Every structure is written in C-alpha cells, then in structure tokens.
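Numbering (mature numbering (1 follows the signal peptide of the UniProt record, and there is no 0)), first residue to last: -38 to -1, 1 to 222.
Using N, Cα and C, we set each Cβ at its ideal position, and we do this for glycine too.
No experiment lies behind these values; they were computed from the predicted model shown.
First the structure, in the form of structure tokens, and then the observations on it.
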C-alpha cells in the first residue's frame, strides 16, 4: 500500500468499552445506505435501538459530560482515562498473544507493570512518556477478525452501540480480563466507577460529536459505515489505504484534545 493512515484510537473493553462503543454510536461517521447491500438485515430494529441510544446521549450523557468538563481540567480527564485504560491491559496482553503478537504482548505487560506502580495505579503513563511504549487496544472481536472470522450482520446494541455478530464476543472476554472486575468491592462501587468512565470518555470526544452532527445527512448510516471502517483499521493495525479510508477527518477529530 502506498499510504498508511494513523492507527485508529481505541475507544476499548468492558468498562471503557461500554463508554466507547456507546460513543461510537453517537459519534461515528456516513456513507452508503441500504439494509441488504450494507449487510444490515434488521435495519429497522437497529434504527430503533440507535434512536434509544441517541436519546440517552442527548438527555443524560451529553449534559453530564459538559458538567464534568466544567469542573475538571484536561489533565484530570486524561488521568481518569489512563486509569481505566490501564485496568484493561491484561485483556490487551491476552488478545496480543492470541493473535501471535508476542512482542506486543510483552510491551503491554511492561506498560501495565510500569503504569500500575510508577504511574500511581495507572493515573499517569510513564511507560509512554519515559520509555516510548505506546499502548494499543486489542479486543476479542479484533482477534477473531485476525483469525479470519467474518464480521457478520451489523448490530446496534442498547447502551453499547455499533457492533456486529463477531464483535459482540469481545464483551464477556473484556469483562473477565479487566482488573476492575476483581478489585471492586460491591456493585455500587463498580457502577459508580463505570459511570465515571462513561462520562469522562464522552467529555473527551465532544469534538467528534460536533463533527458528526455537522457532517451527517443520515447519522445512522454515517455511524454504521464509520464503525466498520474503524474496526477494519483496528484489525489491520492501521494499515488501511487512503482509497479505503473515507473517514480520516472524523478520526482526526477523535484524536484531537477536547476544548477546555
């Protein structure tokens, strides 16, 4: 391939996956329509779930994230994101190993140890800043894609957002490989931490939300197409040609820091 686009941001696994796939629903992109040609045989049902998730974002997540942004700094939000990402690291290591990426698994293991200790339970990311070890999310849906499993029909999940019959497998694996599953003392604490993760993530991708709202003629179709492009980029480790990448501007917006 003559040109490579940057690796897609990981919007990643159960606690954070709840946030980011829900956000992918509200914040992803647009292209062709048509239920059959787009492998969307239950488009009517999917659109109903999409509308439910959009309403939840409009009346709950967006106001909460705006309030969170007003009372926190960019540094605080980055630290919260670092904390939850670090909790997912064992899942990344497992999926790297399942994909035959021993070097990447070793890198993620070092990141987890360094950030959990020197990085104060993952609030900071000295593995990237000092050692140059950048993280990369890997989930079980990506692993199945690397193994050659077809994505299957498109699905929109309540709360979780865009998915397909292959990617739904990532959630149970993510749950049982997330450190939060084992260290949270009770359901209330788990729910509170998950809510914090969701709201913090929504605040960080506010710029992408505005981009979607300005660009989309049919937000549902935009979301479906961009989600598939995003997942294709993840499975291929970002090696997607410009010809296949209709949404580079959208993902650039996702990578941009949020406005204070």
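Which of helix, strand or coil DSSP assigns to residue i
i, result
"residue 113", "coil"
"residue 85", "coil"
"residue 35", "coil"
"residue 61", "coil"
"residue 101", "coil"
"residue -1", "coil"
"residue 92", "coil"
"residue 160", "helix"
"residue 17", "helix"
"residue 167", "coil"
"residue 80", "coil"
"residue -9", "Low per-residue confidence applies at residue -9: pLDDT is 33, beneath 50, and the placement is therefore not dependable enough to give any value."
"residue 180", "coil"
Rounded distance between the beta-carbons of residue j and residue i, thought under 8 Å
i, j, result
"residue 132", "residue 101", "4 Å"
"residue 23", "residue 160", "7 Å"
"residue 115", "residue 127", "6 Å"
"residue 42", "residue 162", "5 Å"
"residue 70", "residue 58", "6 Å"
Bridge partners - residue i, DSSP secondary structure assignment
i, result
"residue 118", "124"
Residue burial classification, residue i (beta-carbon count within 10 angstroms, cutoff 16)
i, result
"residue 37", "exposed"
"residue 180", "exposed"
"residue 84", "buried"
"residue 170", "buried"
"residue 87", "buried"
"residue 93", "exposed"
"residue 172", "exposed"
"residue 47", "buried"
"residue 80", "exposed"
"residue 21", "exposed"
"residue 124", "buried"
"residue 139", "buried"
"residue 129", "buried"
Through-space distance from residue j to residue i, alpha-carbon basis
i, j, result
"residue 224", "residue 1", "Limits of the chain in this structure are -38 at one end and 222 at the other, which puts residue 224 out of reach."
"residue 156", "residue 53", "17 Å"
"residue 62", "residue 197", "13 Å"
"residue 67", "residue 11", "36 Å"
"residue 195", "residue 4", "25 Å"
"residue 89", "residue 103", "26 Å"
"residue 164", "residue 31", "10 Å"
"residue 153", "residue 108", "32 Å"
"residue 7", "residue 193", "22 Å"
"residue 176", "residue 184", "12 Å"
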